[in-house]
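Trainee:
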Amino acid sequence: MSSRWACGLDGCDAAFDTVEDAVVHQTTAHERHECRVCGTVVPDGYFAIRHAFDEHTRAEFVRAYEADSDDVREREEIKAEIEETADLQEIVDRIDGSV
Numbered sequence: 269m270s271s272r273w274a275c276g277l278d279g280c281d282a283a284f285d286t287v288e289d290a291v292v293h294q295t296t297a298h299e300r301h302e303c304r305v306c307g308t309v310v311p312d313g314y315f316a317i318r319h320a321f322d323e324h325t326r327a328e329f330v331r332a333y334e335a336d337s338d339d340v341r342e343r344e345e346i347k348a349e350i351e352e353t354a355d356l357q358e359i360v361d362r363i364d365g366s367v
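Its first residue numbered 269, the sequence shown is counted upward by one per residue in this note's numbering.
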């Protein structure tokens, strides 16, 4: 049986049985990401997507990342699926505990 949640960052092929494990991995095992819109440094993966779409307009994202509507749609789907599935408080607690 294959794991449902893949990391996918920088060609990382790590896969996880839970979304919480995947997001914690992205946050702790990979370099942080500097937002091209405002310069804020955030964990890569889910937290970078959440930052981009919660803090900036889709147009700002498209311009800063030379993205297109497919790129936006893909990231919106990832964000929505994680937020529907994950226990975000568990993720925050696990990350805070690891620092």
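Where is the CB? At the ideal position from N, CA and C, for every residue including glycine.
Because the structure is a prediction, the values reported are computed rather than measured.
#1: Could you tell me which whole beta strand (DSSP E) segments of length 3 or greater appear in the segment 269-343?
#2: Note down the Cα distance separating T295 from G313, rounded to an integer number of angstroms.
#3: Taking the straight line between their C-alpha atoms, what separation do you get for E344 and F321?
#4: Would you mind sorting M269 into buried or exposed? The rule is 16 or more other CB atoms within 10 Å of its CB.
Mentor: Well, looking at it:
#1: 300-302, 309-311
#2: Here residue 295 refers to the residue found at position 27 when the sequence shown is read from its first residue. Here residue 313 refers to the residue found at position 45 when the sequence shown is read from its first residue. Spanning the two alpha carbons is a distance of roughly 7 Å.
#3: Counted from its first residue, the sequence shown places residue 344 at position 76. Counted from its first residue, the sequence shown places residue 321 at position 53. About 8 Å.
#4: As a working note, residue 269 is residue 1 in the sequence shown. In this prediction, M269 scores a pLDDT of 41, lower than 50, which makes its location untrustworthy; no coordinate-derived value is stated.
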